[in-house]
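Chemist: Residue numbers (our numbering), protein chains in the order written: chain L, 7 to 220; chain R, 7 to 220; chain S, 7 to 220; chain P, 7 to 220.
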DNA sequence: GATGAATGAGATTTCATTCAT
DNA sequence: AATGAATGAAATCTCATTCAT
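Now the structure itself:
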């Protein structure tokens with residue numbers, strides 16, 4: 007009675023492989039052409055037929071959503087890890103980690119924070135993590151007291167266009183940009199250079215995400 | 007021989023008006039739907055037929071290029087003005103001005119620095135202007151000595167995704183982001199926090215622009 | 007100042023022609039292959055491109071709806087004309103007329119009474135017309151007293167499959183079927199052969215239409 | 007040498023079960039969605055894989071043909087039984103029985119009389135049976151002398167659209183329609199209301215069936 | 001110069017059928 | 001004999017661009 011399960015598993019393994027291949031192919035194609043790329047190119051790169059693509063992902067958007075979801079989970083994972091350390095350095099670590107994560111798979115970032123049903127909870131958790139990290143960094147004296155969690159989030163948003171511009175010819179450039187931003191977040195000893203524009207409220211940030219989700 | 011010229015002049019005036027209307031319509035439509043918007047909609051909003059649109063702009067891209075070119079000229083103008091003052095404040099003024107300029111007409115920023123034949127000279131002049139402004143600011147002690155002209159340029163690139171995310175729900179948020187970046191550009195009195203990642207070279211920046219132009 | 011209107015009218019006339027051609031082509035293609043026929047065949051038969059088809063009818067269903075609407079209007083017209091005469095013969099005239107109308111353009115009858123927003127009012131008016139015609143016929147002694155308006159409606163429904171089966175090889179057969187039905191509607195002098203099954207209520211008939219509209 | 011046969015028999019029994027399950031599932035699915043329903047759904051409802059479906063029925067049409075064949079056999083059986091009684095009531099009994107049979111499994115009626123190789127003989131036998139029944143009814147004085155066998159056959163065709171329209175909301179309505187038709191078939195004592203349209207010839211009816219078989 | 005209908009290649013998506021396991 | 005993932009041709013629909021009037 008072992009044969010049937012084995013058979014099933016064998017079939018399923020190939021299917022899982024195809025799913026993986028499709029996701030990898032989509033990443034590559036999107037990285038080069040953005041999400042405007044035609045789906046049959048993705049199928050061709052993955053080495054499968056159109057029907058296989060649509061068996062695994064019922065619409066093009068579902069395929070994008072899966073990639074986005076993976077990236078979001080990775081960011082959440084990085085955020086959780088950074089928050090756990092609690093040494094005040096987590097914020098800076100996360101910014102660099104998030105930059106690296108976004109730089110690795112460019113092309114579909116515009117959907118990263120789209121607030122789908124699944125995304126809503128992620129957004130809320132991520133906002134909370136960022137909030138904790140900012141607080142920790144303030145306690146550790148590593149960032150200015152008027153730094154807002156939404157400033158950090160905007161920083162993450164800003165990486166998208168940086169990465170899109172620099173990924174092929176200056177793939178490490180985003181690190182420099184983040185360094186500059188971290189420098190801007192540092193406490194200002196003289197106190198004479200307080201930020202004069204109020205930060206977004208978290209509610210506004212959520213609304214921005216909702217609005218950008220079409 | 008007076009009537010025909012009059013008529014011609016009238017025709018020409020109307021044609022110029024149509025061209026203006028098309029550009030304005032395109033700005034509005036792109037702001038709402040991005041450059042994926044259909045050209046029919048632009049013609050409809052402009053109140054002209056498709057043929058008129060294609061008389062003035064031989065392809066959709068040509069229409070976008072014209073908008074982009076106007077924005078580039080405005081940025082160059084702002085840059086020149088800032089550089090002329092020579093008081094070391096020009097860099098900061100330009101960053102805010104450029105932010106405002108990009109925020110006013112979002113939707114087609116991804117083509118802003120695409121290096122068309124016309125764009126090539128603009129890019130070079132703009133790089134030179136930024137270089138001057140950075141030098142002036144350094145002399146005035148307003149920015150750190152290791153600030154590179156490409157850091158400033160990346161800052162301008164980063165505004166695109168900021169503006170796209172925030173324009174409807176937090177339309178002033180980009181100012182806050184720029185403030186943070188300017189803070190990061192300030193001289194570091196203690197000197198202990200030098201930037202550890204090397205900046206892009208101007209040549210690399212140019213190559214990024216070329217690569218992003220498809 | 008006459009040229010521009012003429013030009014516009016000329017363009018519009020061709021567009022109207024194309025619309026007509028598309029409707030005619032659709033009728034022919036649907037008559038042969040039913041509504042499963044591919045739209046590009048319709049476009050090809052009409053001698054226009056796909057885009058033209060979709061300029062006139064935004065979806066395939068819209069094209070079908072237009073055909074259906076025309077047929078419905080024709081039936082309403084026939085019904086009104088029959089009801090106006092008021093001589094008790096209108097019911098029989100209408101049945102034959104409706105048969106002819108359905109037989110002329112077979113292939114999309116299954117959508118004839120689908121209760122779209124537009125169809126709802128037509129259904130109600132048609133039910134009313136049939137009701138009047140049945141009453142007139144009863145007064146004239148031409149139909150049995152237990153004949154219901156829904157019996158007549160079912161008769162119209164039944165024509166669909168008759169027509170689909172016979173249209174190519176026995177195109178007049180539906181007339182025979184209607185004659186038989188009309189004979190069944192005649193008063194039964196002996197009175198011994200009353201119909202034993204109750205008729206549908208008009209409300210049930212409406213619900214049938216709604217249910218068949220998907 | 008007992009085990010292998012046992013296993014084979016078991017396998018065969020299971021195979022027969024699967025075949026039955028598929029036919030039942032197909033009936034249900036077709037009843038709801040018509041023959042446009044996807045085969046995947048039939049397999050899923052039957053609880054078997056696609057391969058099993060295609061082992062039993064080499065094409066979707068073969069599956070439909072099998073259902074159609076079963077229904078045809080049932081109709082033939084009903085016809086033979088009605089003809090055997092020879093009491094002149096068989097025609098009316100058959101019409102009601104046939105109505106019930108069609109109403110029970112709607113959705114694939116349009117293929118009922120398609121003249122496949124297998125269908126050809128059935129059609130001929132059924133025409134003969136109907137002919138006998140009509141003759142018996144005439145002898146018994148229950149139907150008019152000018153009633154043709156093809157009139158009866160058209161009546162059976164007409165049930166298809168009646169059933170499709172009424173099956174969910176007025177499932178007994180077809181009986182009323184048949185009653186009306188039977189009333190129309192009754193002898194006309196006054197003789198003044200002879201049918202004026204000639205009936206189809208049996209040969210024409212056969213040709214209709216052939217033409218409708220695509 | 002202006003018009004807007006026409007074009008048709010190309011995009012996404014579906015589904016009957018095949019076949020490796 | 002059974003499974004269900006894979007296939008790819010075909011369907012509907014879009015839109016940048018052309019061109020007759």
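Don't be surprised by glycine CBs; every beta carbon is placed ideally from N, CA and C.
Looking only at C-alpha atoms, which of 204(S), 185(S), 193(S) sits nearest to residue 105(S)?
Modeler: Your numbering for residue 105(S) matches position 99 in the third chain. The candidate whose alpha carbon is nearest that of residue 105(S) is 185(S).
Chemist: Please classify residue 129(R) as buried or exposed, where buried requires at least 16 neighbouring CB atoms within 10 angstroms.
Modeler: Here the question's residue 129(R) lines up with position 123 in the second chain. By the 10 Å Cβ count, residue 129(R) comes out buried.
Chemist: Hey, does residue 88(S) have any beta-carbon neighbour from chain P nearer than 8 Å?
Modeler: Locating residue 88(S) in the third chain gives position 82, counting from the first residue. No, its Cβ sits nowhere closer than 8 Å to a Cβ of chain P.
Chemist: Kindly indicate if chain P contains any beta-carbon less than 8 Å away from that of residue 125(S).
Modeler: Along the third chain, one-based indexing puts residue 125(S) at 119. No - not a single Cβ of chain P is within 8 Å of the one on residue 125(S).
Chemist: Is the CB-CB distance between residue 140(L) and residue 158(L) below 8 Å?
Modeler: On the first chain, residue 140(L) is found 134 positions in, with the first residue counted as 1. On the first chain, residue 158(L) is found 152 positions in, with the first residue counted as 1. Yes, the pair counts as a contact, with Cβ atoms nearer than the cut-off.
Chemist: Could you say which of 82(L), 151(L), 214(L) lies nearest to residue 178(R) if we only look at CA atoms?
Modeler: Walking along the second chain from the start, residue 178(R) turns up at place 172. The residue with the shortest Cα to Cα distance from residue 178(R) is 214(L).
Chemist: Measuring alpha carbon to alpha carbon, tell me which of 151(S), 79(S), 133(S), 108(S) ends up nearest residue 208(S).
Modeler: Taking the first residue of the third chain as position 1, residue 208(S) is located at position 202. That would be 133(S), whose Cα lies nearest to the Cα of residue 208(S).
Chemist: Which same chain residues, not among the five before or five after residue 117(P), have their C-beta less than 6 Å away from its C-beta?
Modeler: Here the question's residue 117(P) lines up with position 111 in the fourth chain. Answer for residue 117(P): 70, 74, listed in chain order.
Chemist: Cβ of residue 201(R) less than 8 Å from any chain L Cβ?
Modeler: The residue labelled residue 201(R) in the question sits at position 195 within the second chain. For residue 201(R), the answer is yes, since a Cβ of chain L falls inside 8 Å of its Cβ.
Chemist: Could you work out which residue in 195(P), 36(P), 200(P) is closest to residue 147(P) when comparing CA atoms only?
Modeler: Locating residue 147(P) in the fourth chain gives position 141, where the first residue counts as 1. Minimum Cα distance to residue 147(P) is reached at 195(P).
Chemist: When you compare only the Cα positions, how much space is there between residue 143(R) and residue 47(L)?
Modeler: Numbered from its first residue, the second chain carries residue 143(R) at position 137. Numbered from its first residue, the first chain carries residue 47(L) at position 41. Rounded to the nearest angstrom, the two C-alpha atoms are 49 Å apart.
Chemist: Look at residue 103(S) and residue 84(S) and say whether their C-beta atoms are less than 8 Å apart.
Modeler: Stepping through the third chain from its first residue, residue 103(S) is reached at position 97. Stepping through the third chain from its first residue, residue 84(S) is reached at position 78. In contact: residue 103(S) and residue 84(S) (Cβ atoms closer than 8 Å).
Chemist: Since residue 211(P) and residue 152(P) are thought to touch, with beta carbons under 8 Å apart, how far apart are those beta carbons, to the nearest angstrom?
Modeler: To locate residue 211(P), count along the fourth chain from 1; it is residue 205. To locate residue 152(P), count along the fourth chain from 1; it is residue 146. With 8 Å as the limit, residue 211(P) and residue 152(P) do not qualify as a contact, their Cβ atoms being about 17 Å apart.
Chemist: In this structure, how does DSSP classify residue 95(P) when only helix, strand and coil are distinguished?
Modeler: Numbered from its first residue, the fourth chain carries residue 95(P) at position 89. Note: residue 95(P) maps to coil in three-state DSSP.
Chemist: Assign residue 79(L) to buried or exposed, taking buried as 16 or more other Cβ atoms, counted over all protein chains shown, within 10 Å of its Cβ.
Modeler: For the purposes of this step, residue 79(L) is taken as the residue at position 73 of the first chain. Under this definition residue 79(L) is an exposed residue.
Chemist: What number of angstroms, rounded off, separates the C-alpha of residue 32(S) from the C-alpha of residue 124(S)?
Modeler: In the third chain, counting from the first residue as 1, residue 32(S) sits at position 26. In the third chain, counting from the first residue as 1, residue 124(S) sits at position 118. One C-alpha to the other measures close to 21 Å.
Chemist: Which residues in chain R have a C-beta closer than 7 Å to the C-beta of residue 164(L)? List them in chain order.
Modeler: If you number the first chain from 1, residue 164(L) lands on position 158. Result: 164, 167, 168, 183.
Chemist: Go ahead and pull the three-state DSSP assignment for residue 117(L).
Modeler: To locate residue 117(L), count along the first chain from 1; it is residue 111. Three-state DSSP puts residue 117(L) in a helix.
Chemist: Identify, in the order they occur along the chain, each residue of the same chain with its Cβ nearer than 8 Å to the Cβ of residue 101(L), setting aside the five sequence neighbours on each side.
Modeler: Residue numbering aside, residue 101(L) sits at position 95 when the first chain is read from its first letter. Excluding sequence neighbours, residue 101(L) sits near 158, 161, 162, 184, 187, 188.
Chemist: Would you mind listing the alpha helix (DSSP H) stretches within the region 149-216 of chain R that are 4+ residues and don't spill past its ends, in chain order?
Modeler: DSSP runs (the alpha helix (DSSP H)) wholly in the region 149-216 of chain R: 155-172, 179-191.
Chemist: Between which two residues does the alpha helix (DSSP H) carrying residue 52(R) extend?
Modeler: Position 46 of the second chain, counted from the first residue, corresponds to residue 52(R). Residues 45-52.
Chemist: Which residues in chain P have a C-beta closer than 7 Å to the C-beta of residue 210(S)? List them in chain order.
Modeler: Here the question's residue 210(S) lines up with position 204 in the third chain. Near residue 210(S) (Cβ distances below 7 Å), the residues of chain P are 175, 176.
Chemist: Using three-state DSSP, classify residue 146(P) as helix, strand or coil.
Modeler: In the fourth chain, counting from the first residue as 1, residue 146(P) sits at position 140. Here residue 146(P) sits in coil by DSSP.
Chemist: Against chain R, which members of the region 140-164 of chain L pass a CB distance test of less than 7 Å?
Modeler: Cβ contacts with chain R come from 157, 160, 163, 164.
Chemist: Just checking: is the beta-carbon of residue 65(R) within a distance shorter than 8 Å of some beta-carbon in chain L?
Modeler: What you label residue 65(R) is simply residue 59 of the second chain in a count that begins at 1. Judged by the 8 Å Cβ criterion, residue 65(R) is not in contact with chain L.
Chemist: Tell me whether residue 108(P) is buried or exposed, calling it buried when 16 or more other Cβ atoms sit within 10 Å of its Cβ.
Modeler: Reading the fourth chain from its first residue, position 102 is the one you call residue 108(P). It is buried - the Cβ of residue 108(P) has at least 16 other Cβ atoms within 10 Å.
Chemist: Beta-carbon within less than 6 Å of residue 155(S)'s beta-carbon, same chain only, minus the 5 sequence neighbours each way: which residues are those?
Modeler: Here the question's residue 155(S) lines up with position 149 in the third chain. Within the same chain, residue 155(S) has close Cβ partners 136, 137, 140.
Chemist: Pick from 66(P), 182(P), 217(P), 72(P): whose alpha carbon is nearest that of residue 204(S)?
Modeler: Against the third chain, residue 204(S) aligns to sequence position 198. For the residues 66(P), 182(P), 217(P), 72(P), the minimum Cα distance to residue 204(S) belongs to 182(P).
Chemist: On the criterion of 16 or more Cβ atoms from any shown chain inside 10 Å, does residue 96(L) qualify as buried, or is it exposed?
Modeler: Indexing the first chain from 1 puts residue 96(L) at position 90. The residue in question, residue 96(L), is buried, as its Cβ has 16 or more Cβ neighbours within 10 Å.
Chemist: List the residues of chain S whose Cβ lies closer than 7 Å to the Cβ of residue 187(P), in chain order.
Modeler: Counted from its first residue, the fourth chain places residue 187(P) at position 181. Within 7 Å Cβ-Cβ: 186, 187, 190.
Chemist: Mind listing which residues of the region 34-47 of chain L have their C-beta closer than 7 Å to chain R's C-betas, in chain order?
Modeler: Correct list: empty, as no residue qualifies.
Chemist: Do residue 37(L) and residue 206(R) have their CB atoms nearer than 8 Å?
Modeler: Counting from 1 along the first chain, the entry for residue 37(L) is found at position 31. Counting from 1 along the second chain, the entry for residue 206(R) is found at position 200. Against a cut-off of 8 Å, the Cβ pair of residue 206(R) and residue 37(L) comes out as no contact.
Chemist: What are the boundary residues of the alpha helix (DSSP H) that includes residue 57(L)?
Modeler: As a first step, residue 57(L) is located in the first chain; it is residue number 51 there, counting from the start. Note, residue 57(L): alpha helix (DSSP H), 56-62.
Chemist: Report yes if the C-beta distance between residue 59(R) and residue 29(R) is below 8 Å; otherwise report no.
Modeler: For the purposes of this step, residue 59(R) is taken as the residue at position 53 of the second chain. For the purposes of this step, residue 29(R) is taken as the residue at position 23 of the second chain. No, these two residues do not count as a Cβ contact at 8 Å.
Chemist: For residue 205(R), return the contacting residues in chain L, with the cut-off set at a CB-CB distance below 9 Å.
Modeler: One-based indexing of the second chain puts residue 205(R) at position 199. The answer, in chain order, is 179, 182.
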